[in-house]
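Structure, as structure tokens:
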Amino acid sequence: MRVHAAWPRLCVFAASLAIALLLIMPSRAADTYPDHKVRVIVPFAAGGPTDVIARLVSERLSEAWGQQLYVENMPGAGGNLGVEIGGRAAPDGYTIIVVSTGFIINPSMYSKIGYDPVKDFAPISLVAASPNVVTIHPSVPAKDLKELIALIKGNPGKYSFAQPATGSTPHLAGELFKQSYNLDLVTVPFNAAPLAVNSTLGNHTPIAFTALPPAIGNIKDGSLRGIAILAKQRVAALPELPTNGEEGVPGLESDTLTGIVAPAGTPQTIIDKWNAAIVKMAADPETRKKLDTLGFVTVANSPCEFAERIKSEMARWDKVVKTAGIHVD
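Following this note's numbering, the residues of the sequence shown are numbered contiguously, the last one being 430.
Here it is in structure tokens:
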């Protein structure tokens, strides 16, 4: 699926039009919203990257709006359960869903899924992105991605990589790595990023592909060797760690995304109010510093830009999923 070249200009136009309409036609819904508690669904267990951002957003917006935004964790089926429940909620702004990249990828993997990422939801904003990272046990004799490729090629079937969840972008980045360089590298799935990191710490799986936040502490203390950030630019949290492009291995850039959506049909005035609040929150130096420290890159884009990102990510990872033969019943 290719994003049309004119879409960015259309996004700017749509955003400008929405602001103009809000100025000339004030909405009672926007003026009074929220007038009671807002449920914020996280389709994963507490403590993960999606949950961390959901709680940060809920805390900041509760303070700004004077109404409680409460997080409700609904793990299950790779995130599908909570997303499906959120998608069926009344489109009145009082149920909001915080999604990760699985929201975008799962339709390519699952034979049956109860939602459509494009048709069933109204994008609000991509709040932040966490670039994925490749780490290895210190005993592995490779100092960069090129050396790691040569090592795996010279020892077919000997090496394995840990990944935090089937269909996550770290998993698919590892599969893309294998596909791009025809590597005989064993994939070892885990149910959470800390488990994948611990497996590599113990040298059970000498290589790990994870999002940055779960691995950042181990990279800093040297218990894991960071090989590369899979991003276009280095990150503030680990400025010394080069990107995959700098190491001469382009095309592996991938993020674990954390965004906010509402059920389709939610009034545009409420969508715009949410988006404006997130943009304002993201501009706060204290918030940005906190996200940087945790290994996130702040995005806070427009609803239209987030919609484009959803479509482009769906197209990119659908190809990787099909080539790898990943399928979940």
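Even glycine gets a Cβ: it sits at the ideal position worked out from N, Cα and C. None of the values given here were measured: they were computed from a predicted structure.
Going along the chain, which residues of its own chain have a beta-carbon closer than 7 Å to the beta-carbon of residue i, five neighbours each way excluded?
i: I372; result: A223, I225, A363 and P404
i: T424; result: Q280
i: L170; result: V139, V141, S159, L162 and S163
i: V380; result: A401
i: W166; result: P135
Tell me whether residue i is buried or exposed, calling it buried when 16 or more other Cβ atoms sit within 10 Å of its Cβ.
i: P127; result: No answer about P127 holds up, because its pLDDT of 45 lies below 50 and its placement is not dependable.
i: D285; result: exposed
i: A384; result: exposed
i: K213; result: exposed
i: G148; result: exposed
i: L124; result: Unreliable placement is indicated for L124, whose pLDDT of 47 sits below 50; no coordinate value is reported for it.
i: A230; result: buried
i: G426; result: exposed
i: N402; result: buried
i: T301; result: buried
i: E406; result: buried
i: D430; result: exposed
i: N292; result: exposed
i: V421; result: buried
For residue i, which residues of its own chain have a beta-carbon under 8 Å away from its beta-carbon, when the five flanking residues on both sides are left out?
i: K247; result: E348, G349 and V350
i: L249; result: V235, I237, V241, A243, I308 and I328
i: T367; result: P192, D193, G194 and A223
i: A338; result: L313, I317, D393, T394, L395 and G396
Between the options, which has its C-alpha nearest residue i's C-alpha?
i: N207; options: A425, M415, G426 and T236; result: M415
i: I205; options: K321, T301, T359 and P232; result: T359
i: N283; options: D419, G366 and G258; result: G258
i: R410; options: V219, A165 and A155; result: V219
i: A155; options: Y134, D136 and M175; result: M175
i: G215; options: E341, I186 and V199; result: I186
i: R417; options: T394, A377, Q369 and G352; result: G352
i: V398; options: V172, P144 and P232; result: P232
Have a look at the DSSP bridge pairing and note the partners of residue i.
i: V235; result: F310 and A329
i: S201; result: T359
i: I142; result: E173 and I198
i: Y211; result: V429
Within a Cβ cutoff of 6 Å, which residues of the same chain sit near residue i, ignoring the five residues on either side of it in sequence?
i: W375; result: I225
### Message
I'd like to know if the stretch 294–312 and the stretch 259–276 are in contact, where contact means that at least 3 CB-CB pairs between them fall below 8 Å.
### Response
yes
### Query
Are the stretch 313–333 and the stretch 190–197 touching by the rule of at least three beta carbon pairs closer than 8 Å?
No, the stretch 313–333 does not touch the stretch 190–197.
### Three-pair Cβ contact test at 8 Å for the stretch 249–264 versus the stretch 378–394
no
### Query
Taking contact to mean at least 3 C-beta pairs separated by less than 8 Å, is the stretch 152–167 in contact with the stretch 318–326?
No, the stretch 152–167 does not touch the stretch 318–326.
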